[in-house]
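Taking it in order: structure first as structure tokens, then the write-up.
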Amino acid sequence: MWTIRFSILYVVGISLMLGVTNLVSGHLALFLRTAISERLHSFYFKNQNFYTVNNLMEIDNADQRLTQDIGTACTLVSEILPLFLMNPILVIVYTYLCVERYSLFFNELLFTLNRAGWLGPIASYIMFVIYAIITHFVTIWSSKAVYEHDRQEGNFR
1 MWTIRFSILY VVGISLMLGV TNLVSGHLAL FLRTAISERL HSFYFKNQNF
51 YTVNNLMEID NADQRLTQDI GTACTLVSEI LPLFLMNPIL VIVYTYLCVE
101 RYSLFFNELL FTLNRAGWLG PIASYIMFVI YAIITHFVTI WSSKAVYEHD
151 RQEGNFR
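What the sequence shown shows, in the UniProt record's numbering, is residues 1 to 157, in sequence order.
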């Protein structure tokens, strides 16, 4: 019976943490978007910069592009920041748990059980490096596609 209670408490705790993380991320995105938009628009409308950008340069809908890019950047930062802050802590905790030795007292003898030893963390780090390299190449390919999509979207306007 206690395992059911513990499981329910665990699920509720995880759900609460994810909800709070999403709430804080959303507020961070809104705060960053407001602050950066106000700052950049003050530069944009100062000394007739908007006239120079709209009439003398070949940039169409510069203010709309600026606002859209700020929104996209702030959303990405607010999604990445919690991961950036939590992942080093998780790596340290899981490395410790992987190497940690559990002691078990059975029939007045002390037995030490190794979970994965040194091979567990080393294999995890090697896998991380391999997937980071794969992600790098996939990101290069997908960023070209996203750039082309945004360029075509700008031409469509």
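Ideal placement from N, C-alpha and C gives every residue a C-beta, glycine not left out. Here the structure is a predicted model, which means the values were calculated and not measured.
Please state whether the Cβ-Cβ distance between residue i and residue j is less than 7 Å.
| i | j | result |
| --- | --- | --- |
| Pro88 | Ser25 | no |
| Ile80 | Ile36 | no |
| Pro121 | Thr95 | yes |
How is the alpha helix (DSSP H) around residue i delimited, first residue to last?
| i | result |
| --- | --- |
| Phe43 | 2 to 44 |
Is it buried or exposed for residue i, if we count other Cβ within 10 angstroms and need 16 for buried?
| i | result |
| --- | --- |
| Ala145 | exposed |
| Ala29 | buried |
| Val20 | exposed |
Write down the C-beta distance between residue i and residue j rounded to the nearest angstrom, noting that I regard them as a contact closer than 8 Å.
| i | j | result |
| --- | --- | --- |
| Leu32 | Ser78 | 7 Å |
| Leu66 | Leu40 | 6 Å |
Are the C-beta of residue i and some C-beta of chain D separated by less than 7 Å?
| i | result |
| --- | --- |
| Pro88 | Absence of chain D from the displayed structure is noted, only one protein chain being present. |
Quiz item: At which residue ranges does the segment 50 to 90 contain complete beta strand (DSSP E) runs of 3 or more residues, listed in the order of the chain?
Solution: Fully enclosed beta strand (DSSP E) runs of 3 or longer: not present.
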